[in-house]
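*Asks:*
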Amino acid sequence: MISVCIQLGFENQSDTVILLCKCLRQDISRRRITKEDKESEVWQNFNGNDDDSSSKVREFLIWVDVGELVVRFVPSKDSKLAFVNAIEVISAPKDLIADVATSVSRDGTGKLNGLGKQAMEVVYRINVGGRKVTPFNDTLWRTWLPDDDLFKTVDASSHKAYFTGRIKYRPGGASREVGPDNVYNTARVGNVMSWDFPVSTGYKYLIRMHFCDIASKSLGMLYFNVYINRNLAFQDFDISDSTGYVLASPYYMDFVVDLTADSNNPLGSSITVSVGPSNKTSVDEHGVDAMLNGVEIMKMNNSMGSLDGFVTTDMILTSCPNRRNLSIFIAMMAFMCIFMSFYVVVQRKKVRDDISWTKLPMDVRQDNLKSGNQFAARKP
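Residue numbering for the sequence shown is 676 to 1055, as defined by the numbering used here.
1) Relative to the C-alpha of TYR878, which candidate in VAL746, ARG781 and ALA794 has its C-alpha closest?
2) Does the beta-carbon distance from VAL874 to VAL950 come in below 9 Å?
3) Which residues bound the alpha helix (DSSP H) around ILE914?
4) Three or more beta-carbon pairs under 8 Å between the region 927-934 and the region 838-845, yes or no?
5) Can a CB atom of chain B be found closer than 9 Å to the CB of SER833?
6) Count the other C-beta atoms from every protein chain shown that fall within 10 angstroms of the C-beta of SER978, then say buried if there are 16 or more, exposed otherwise.
7) Any chance the region 916-932 sits against the region 814-826, with 3 or more Cβ pairs inside 8 Å?
8) Do VAL798 and ILE972 have their C-beta atoms within less than 9 Å of each other?
9) Within a Cβ cutoff of 7 Å, which residues of the same chain sit near SER891, ignoring the five residues on either side of it in sequence?
10) With TYR859 as the anchor, note down where its alpha helix (DSSP H) starts and where it stops.
11) Just mark ILE772 as buried or exposed, buried being the case when its beta carbon has 16 or more other beta carbons within 10 Å.
12) Would ILE946 and TYR859 qualify as a contact pair, given that the criterion is a beta-carbon distance under 9 Å?
13) Return helix, strand or coil for ALA831, following the three-state DSSP convention.
14) Check whether the region 803-817 touches the region 847-866, taking contact to mean three or more Cβ pairs, one atom from each stretch, closer than 8 Å.
15) Only counting the same chain, and skipping five residues up and downstream in sequence, which positions put a Cβ closer than 7 Å to that of SER917?
16) Express the C-alpha separation of GLU734 and ILE903 in angstroms, rounding to a whole number.
17) How far does the beta strand (DSSP E) with ILE801 in it extend, from its first residue to its last?
18) In terms of residue numbering, what span does the beta strand (DSSP E) encompassing GLY785 cover?
19) Whose CA, out of VAL864, LYS731 and ASP911, lies closest to the CA of ILE762?
20) For MET975, I'd like the list of residues in its chain whose CB is within less than 7 Å of its CB, leaving aside the five on either flank, ordered along the chain.
21) Grouping DSSP H, G and I as helix and E and B as strand, with all else coil, what is THR709?
22) Would you identify the three-state DSSP class for ILE991, choosing helix, strand or coil?
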């Protein structure tokens, strides 16, 4: 059984890191992997043949408050091999994930604390209305995908908006580390617009929505409502007030939905994100009902500290042979081999010495010696 352990050092002992792991598709069947960071099990039972694509990239956000991050790949019970093709670790700003977000449910909204130090897996990162954004165009080397496959609105009034001017980042608002220019200079604009994201049940999800008013003709005219799973998340959102009355200035909002109650649903679940007009909106004045620039959805670790199943790191490690015991066993076997080799060499040398220095018997009879001499004398 082969396990892989990677240790990474950090100068700053309190930081958020982005961990990207890439596994190429293998032709070996039943090769599974369990991966865990220092305290959170983030990836379980990966099979190289499960995905039809050429590679599988998983991205995690992990809070690091020590000088070393340990990434361990442990084979699952049915496998003897763990593998990974590439690992990228990127240091991110401490405030990339705010500690407080708005929880949304059928019962209304509330505040949820303690998000900053939770482990998260990026499930979706979408550039609404725009093209794919590659890592070369993102300060944190992230990939943003187009929203075409997730956009579910058939309203003919919705359309894509493009902005060629300068995005005005400001203190207290979204920075380039939160979202790059290529996300904020494109958007979808329309009446009621919805996006549907299939997800796994049994977890809480952080939903980050990115806004940048690149379509309004003037300030203070755009109001709209935000919905999560058809529940009102924010009413009468005034984007001008949120951005300090500056057009083309980015802003984001974080929401959390709890899907742990649906953990027994074998078909999984989905998260629906929607924006629609507010009662304060007057389309005739500026021609914009609602807009959205980008969406990120991140899975939060569950009560077991896991991002992939109801198991803990202790359960995973104890189910596999103990590395320390294995090392002791190997050392003992090596010692036994050396001892046996030494013993065999000594015994062989002793046998040779006994043959070379065999003493003559001291009680040889006199007549035997005479007959021996006579026999020797007869020789020509």
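Note that CB positions come from ideal geometry on N, CA and C, so glycine has one too.
*Replies:* On the basis of the data shown:
1) Counted from its first residue, the sequence shown places residue 878 at position 203. Closest by alpha carbon: ALA794.
2) Against the sequence shown, residue 874 aligns to sequence position 199. Against the sequence shown, residue 950 aligns to sequence position 275. In this structure, VAL950 does not lie closer than 9 Å to VAL874 by Cβ.
3) Your numbering for residue 914 matches position 239 in the sequence shown. Where ILE914 is concerned, the enclosing alpha helix (DSSP H) stretches over 914-917.
4) no
5) Looking at the structure shown, chain B is missing, and only one protein chain is on hand.
6) Stepping through the sequence shown from its first residue, residue 978 is reached at position 303. SER978 should be labelled exposed.
7) no
8) Along the sequence shown, one-based indexing puts residue 798 at 123. Along the sequence shown, one-based indexing puts residue 972 at 297. Yes, they are a contact pair.
9) What you label residue 891 is simply residue 216 of the sequence shown in a count that begins at 1. Within the same chain, and ignoring the five residues on either side of SER891 in sequence, the residues whose Cβ sits closer than 7 Å to its Cβ are LEU897, LEU922, HIS961 and VAL963.
10) Position 184 of the sequence shown holds residue 859. Annotation for TYR859: the continuous alpha helix (DSSP H) segment containing it runs 856-859.
11) On the sequence shown, residue 772 is found 97 positions in, with the first residue counted as 1. By the 10 Å Cβ count, ILE772 comes out buried.
12) By 1-based counting over the sequence shown, the position of residue 946 is 271. By 1-based counting over the sequence shown, the position of residue 859 is 184. Cβ distance not < 9 Å, so ILE946 and TYR859 don't count as in contact.
13) Residue mapping note: residue 831 aligns to position 156 of the sequence shown, counting from 1. In this structure, ALA831 counts as coil in the three-state DSSP scheme.
14) yes
15) What you label residue 917 is simply residue 242 of the sequence shown in a count that begins at 1. Only TYR926 meet the Cβ criterion.
16) For the purposes of this step, residue 903 is taken as the residue at position 228 of the sequence shown. For the purposes of this step, residue 734 is taken as the residue at position 59 of the sequence shown. In a straight line, the C-alpha of ILE903 is about 24 Å away from that of GLU734.
17) Taking the first residue of the sequence shown as 1, we reach residue 801 at position 126. Note, ILE801: beta strand (DSSP E), 795-802.
18) Residue mapping note: residue 785 aligns to position 110 of the sequence shown, counting from 1. Per DSSP, GLY785 belongs to the beta strand (DSSP E) from 783-788.
19) Your numbering for residue 762 matches position 87 in the sequence shown. Looking at the Cα atoms, LYS731 is the closest of the given residues.
20) Reading the sequence shown from its first residue, position 300 is the one you call residue 975. Here the set comprises GLN793, MET795, TYR878, LYS879, TYR880 and LEU881.
21) The count along the sequence shown starts at 1 and reaches residue 709 at position 34. Per-residue confidence for THR709 stands at a pLDDT of 40, beneath the threshold of 50, marking its modelled position as unreliable; no derived number is given.
22) For this step, residue 991 is matched to residue 316 along the sequence shown. Residue confidence is low: ILE991 scores 49 on pLDDT, short of 50, so the model does not pin down where it sits. Its coordinate-derived value is still stated next. Here ILE991 carries a helix assignment [DSSP, helix/strand/coil].
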